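Novice: Quick note: to get this note's numbering, add 10 to the position in the sequence shown (first position is 1). Built from N, CA and C at the ideal position, the CB exists for glycine as well. Since we're looking at a predicted model, the values are computed, not measured. Shown below is the structure under consideration.
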Amino acid sequence: MPSVPDVRLSPTSYVVLGMIALRGPSTPYDLKRAVGHSVGYFWHFPHAQLYSEPERLTDAGLLTCESETSGRRRKTYSITPEGRAALEAWIAEPSDSHFQIRDPAELKLFFNEVGNPDDVTRLAGQQIARHEERIALYEGMVERFGPDPADNPRLITLELGLEVEYATLRFWRALAAGDLAGLRKRRDLLDGPDVPDGTDTRPDQA
């Protein structure tokens, strides 16, 4: 088995390695487009790194690079056995980090007592629309790619994204309706021992 080079790898490193492992030889522009339609929905980072990180990974022996000698002089990167070994080792590592949310709306909500109550109402309305749009986008992806993650393993993350979006939408709707108590009661009910496995906890989209 290829050895894993002793080089510091960041989450962006694994995004680059993973994308090239999934889609094959890629230019930085290819990576930017692919990230924008996939992991970019839940993992945010400066996309300028997709132009610099492949070069660093090439220097580390995890990627190879072919450069055009004329025209746009694009660089196309491919993953090496060592790069694939590093990616597989990372995937196999246990992940004990907590779920992270960097949501400006939630940040504003934390400081809501400083502002005007109408600001919270307005914020809730904006967030309801935002999450309804994202749910429609994700559900469209499910329809396009098929509902069974067994047919497309990448749909597993899409299902997680939908669960997060539905839960967040449920919160903002309850806040807008002044019914956070009802939201807590519903949560207590769903977390109780009598809820059968597979119960659909998603709110109606209407």
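Does DSSP classify Glu76 as helix, strand or coil?
Specialist: Your numbering for residue 76 matches position 66 in the sequence shown. Looking at Glu76 - three-state DSSP - the assignment turns out to be strand.
Novice: Can you tell me which of Gln137, Thr79, Asp16 puts its alpha carbon nearest to the alpha carbon of Asp113?
Specialist: To locate residue 113, count along the sequence shown from 1; it is residue 103. The residue with the shortest Cα to Cα distance from Asp113 is Gln137.
Novice: By the three-class DSSP mapping on this structure, what secondary structure does Ser23 have?
Specialist: Taking the sequence shown and counting its residues from 1, the one referred to as residue 23 is at position 13. Helix, per DSSP.
Novice: Taking the alpha carbon of Leu170 as the reference point, which residue from Ile145, Leu185, Ser105 has its own alpha carbon closest?
Specialist: In the sequence shown, the residue the question calls residue 170 occupies position 160. Considering only alpha carbons, the answer is Ile145.
Novice: If you count every other CB in all the chains shown that lies within 10 Å of the CB of Thr90, and 16 or more means buried, which is it?
Specialist: As a working note, residue 90 is residue 80 in the sequence shown. Buried, by the Cβ-count rule.
Novice: Using a threshold of 8 Å, state whether the C-beta atoms of Gly93 and Leu119 are closer than that.
Specialist: On the sequence shown, residue 93 is found 83 positions in, with the first residue counted as 1. On the sequence shown, residue 119 is found 109 positions in, with the first residue counted as 1. No. Outside cutoff.
Novice: Which word fits Glu76, buried or exposed, when buried means at least 16 other C-beta atoms lie within 10 angstroms of its C-beta?
Specialist: Numbered from its first residue, the sequence shown carries residue 76 at position 66. Flag for Glu76 reads exposed.
Novice: Drop a sphere of 10 angstroms on the beta-carbon of Glu143, count the other beta-carbons inside from all chains shown, and report buried for 16 or more, exposed for fewer.
Specialist: Indexing the sequence shown from 1 puts residue 143 at position 133. Glu143 is exposed by the Cβ-count criterion.
Novice: In the DSSP assignment, what residue or residues form a beta bridge with Tyr87?
Specialist: As a working note, residue 87 is residue 77 in the sequence shown. Its beta-bridge partners are Ser36, Cys75.
Novice: Taking the alpha-carbon of Thr74 as reference, which of Val124, Pro127, Val26 has the nearest alpha-carbon?
Specialist: Looking up residue 74 in the sequence shown gives position 64. Nearest of Val124, Pro127, Val26 to Thr74, Cα basis: Val26.
Novice: Do you know how far the Cα of Ala160 is from the Cα of Glu149?
Specialist: By one-based count along the sequence shown, residue 149 stands at place 139. By one-based count along the sequence shown, residue 160 stands at place 150. Those two C-alpha atoms are separated by around 17 Å.
Novice: Take the Cβ of Ser36 as the centre, count every other Cβ of all protein chains shown within 10 Å, and call the residue buried at 16 or more, exposed below.
Specialist: Stepping through the sequence shown from its first residue, residue 36 is reached at position 26. Its Cβ being crowded by 16 or more others within 10 Å, Ser36 is buried.
Novice: Quick check on Trp53: does DSSP put it in helix, strand or coil?
Specialist: Within the sequence shown, the letter at position 43 stands for residue 53. Note: Trp53 maps to coil in three-state DSSP.
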